[in-house]
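>
2 protein chains.
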Amino acid sequence: MLAPPVNRLVTELARLPGIGQRTAQRLAFHLLSTADDEALDLAEAIREVKETVGRCETCFNLAVGPRCRICEDERRDPALICVVEQPSDVIPLERTHEFPGRYHVLGGALSPIDGIDPEDLRIAELVERASANGVREVVVATNSTTTGEATALYIADALRGRAPEVAVTRLASGLPVGADLEYADEVTLGKALRGRREL
Amino acid sequence: MLAPPVNRLVTELARLPGIGQRTAQRLAFHLLSTADDEALDLAEAIREVKETVGRCETCFNLAVGPRCRICEDERRDPALICVVEQPSDVIPLERTHEFPGRYHVLGGALSPIDGIDPEDLRIAELVERASANGVREVVVATNSTTTGEATALYIADALRGRAPEVAVTRLASGLPVGADLEYADEVTLGKALRGRREL
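Chain order of the listed sequences is S and Y.
When we follow my numbering, the leftmost residue of the first sequence carries the number 189, and every step to the right adds one.
When we follow my numbering, the leftmost residue of the second sequence carries the number 189, and every step to the right adds one.
1) Suppose only complete runs of 3+ residues qualify. What are the beta strand (DSSP E) ranges in the region 201-247 of chain S, listed by chain order?
2) Taking a cut of 8 Å between CB atoms, which residues from the region 217-247 of chain Y lie near chain S?
3) Which residues in chain Y have a C-beta closer than 8 Å to the C-beta of S/S276? List them in chain order.
4) Which full runs of the alpha helix (DSSP H) of 4+ residues lie inside the region 263-311 of chain S, going along the chain?
5) Would you say the region 211-225 of chain S touches the region 209-225 of chain Y, given that touching needs at least three Cβ pairs under 8 Å?
6) Which partner residues of S/V323 appear in the DSSP bridge assignment?
7) Is Y/R358 helix, strand or coil when you go by DSSP?
8) So what does S/V252 bridge to, in DSSP terms?
9) With a 10 Å radius around its C-beta and 16 neighbouring C-beta atoms as the bar for buried, classify Y/P280 as buried or exposed.
10) For Y/L377 and Y/G362, I'd like the C-alpha separation in whole angstroms.
11) Where Y/C247 and Y/R214 are concerned, what is the direct C-alpha to C-alpha distance, given to the nearest angstrom?
12) Look up Y/V328 in the DSSP assignment and say whether it is helix, strand or coil.
13) Measuring alpha carbon to alpha carbon, tell me which residue in S/A372, S/V278, S/L201 is nearest S/I258.
14) Can you tell me which of S/R283, S/R290, S/T284, S/R255 puts its alpha carbon nearest to the alpha carbon of S/A267?
15) Under 7 Å between beta-carbons, which chain A residues line up against Y/L250? List them in chain order, please.
16) Given Y/A297, which residues of its chain have a CB within under 8 Å of its CB, disregarding the five upstream and five downstream residues?
17) Could you give the first and the last residue of the continuous alpha helix (DSSP H) run that contains Y/R384?
18) Residues of chain S with CB closer than 7 Å to the CB of Y/L204, please, in chain order.
19) So, does the CB of S/L201 fall closer than 9 Å to a CB anywhere in chain Y?
20) Would you say S/L309 lies against chain Y (beta-carbon separation less than 9 Å)?
21) For chain Y, is any of its Cβ atoms less than 9 Å away from the one on S/R257?
22) Does DSSP classify Y/T335 as helix, strand or coil?
23) DSSP on S/P192, reduced to helix/strand/coil?
24) From S/R395 to Y/D224, what does the alpha carbon distance come to, in whole angstroms?
25) List the residues of chain Y that S/L197 touches, going by C-beta distances under 7 Å, in chain order.
26) Can you check whether the C-beta of S/I304 is within less than 9 Å of a C-beta belonging to chain Y?
27) So for Y/E353, helix, strand or coil by DSSP?
28) How would you call S/A231, buried or exposed, if buried means at least 16 neighbouring beta carbons within 10 angstroms?
29) Hey, how far is the Cα of Y/E226 from the Cα of Y/V252?
30) Leaving out five residues before and five after Y/R196 in sequence, what residues of the same chain have Cβ atoms less than 7 Å from its Cβ?
31) If you draw a straight line from the C-alpha of S/Y371 to the C-alpha of S/P364, how long is it?
32) Taking 9 Å as the threshold (C-beta atoms), are S/I311 and S/V328 in contact?
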């Protein structure tokens, strides 16, 4: 029913995560009806990002050039490494302005069901980085999910074996700021209780 | 915080309708992490659609070439014209397989508040088309919204003045198939009642 180039665009848009057939069709019609500039700017932005953005050779975060902006920043403490699953996880952490160190992007979390084993993640690179450079602490900031927790435990074990002098820490689990006790789930509340701190 | 090409992609994605800053960021990271092919295919599909798809010179529907596939189809009745607001409205109508005629795409609906006046829509072209070619009926299938209804009334007036022999009809308003009376709003139910038909 649609012209072949329109169909092709709908198909490509529908491959994006969270974009179903209907939304893809709506977006395609928007791109068709919008000024040429706007649509072509998007096409060009996609092309540019794929051509210019790669991975940092140290931390595997996104980088234009061989190293990312954080690894190139001399003011960031190289003895403190925060381990995250994905490049997108760096953003909320940076937004806190509370982390003076550098990052290590694993590229996912361990999930035997999905066939993601330790060698599919950049865990060996992390262990090497942590044992080589006089690193003081590794903060494991994988997600607070089953796979994220499993990955954190695996990393702690791996680091203890190879770099026993490095402290391995984990982000605190507990109540989100502004949360009502009444609506907290028992698991979160239990973790908040076990992790209680002196006032 | 993000590399400039990534920022640019997020900005471009966030210009799409229904795509906020967060979703744009999620999509950008997906495009970054996906195989080069998939992302570049999307860029290419956007470019191709903008380069090859224009407007049908007869009905203003999307067209590859001067006329759309429906206007080029000799089996479609040229004496029966269905008027819609947007090219995307043609799809659900075609899906019914109940309409043997051709279309006329207005490019929107009258909305003085948004500064959309009759001359911003392809109403003059419709009147010309309807008065010239021995057209039998114009089915006004603008949306069942305030602006769509106002546009329908305006078109009916315009056609009555210039092409009095052409029948101007409107899609039926009423209960959607499968709807419960209990949950129908009064306006729809009122229209369904006024439009009742003999069984």
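Glycine included, each C-beta is placed from N, C-alpha and C at the ideal position.
Inspection of the coordinates gives the following:
1) 241-243
2) F217, H218, L219, L220, S221, D224, E226, A227, L228, D229, L230, A231, E232, A233, I234, R235, E236, V237, K238, T240, V241
3) Q213, R214, F217
4) 278-283
5) no
6) DSSP output for S/V323 lists no bridge partner at all.
7) strand
8) S/V241
9) exposed
10) 7 Å
11) 38 Å
12) strand
13) S/V278
14) S/R290
15) Among the protein chains in the structure shown, which are S and Y, there is no chain A.
16) E273, I304, L309, T330, N331, T333, T335, G336, A338, T339
17) No alpha helix (DSSP H) holds Y/R384; DSSP gives it neither H nor E.
18) L215, H218
19) yes
20) no
21) yes
22) helix
23) helix
24) As shown, chain S starts at 189 and ends at 387. That puts residue 395 of chain S outside it, with no answer to give.
25) A233, I234, V237
26) no
27) coil
28) buried
29) 24 Å
30) none
31) 11 Å
32) no
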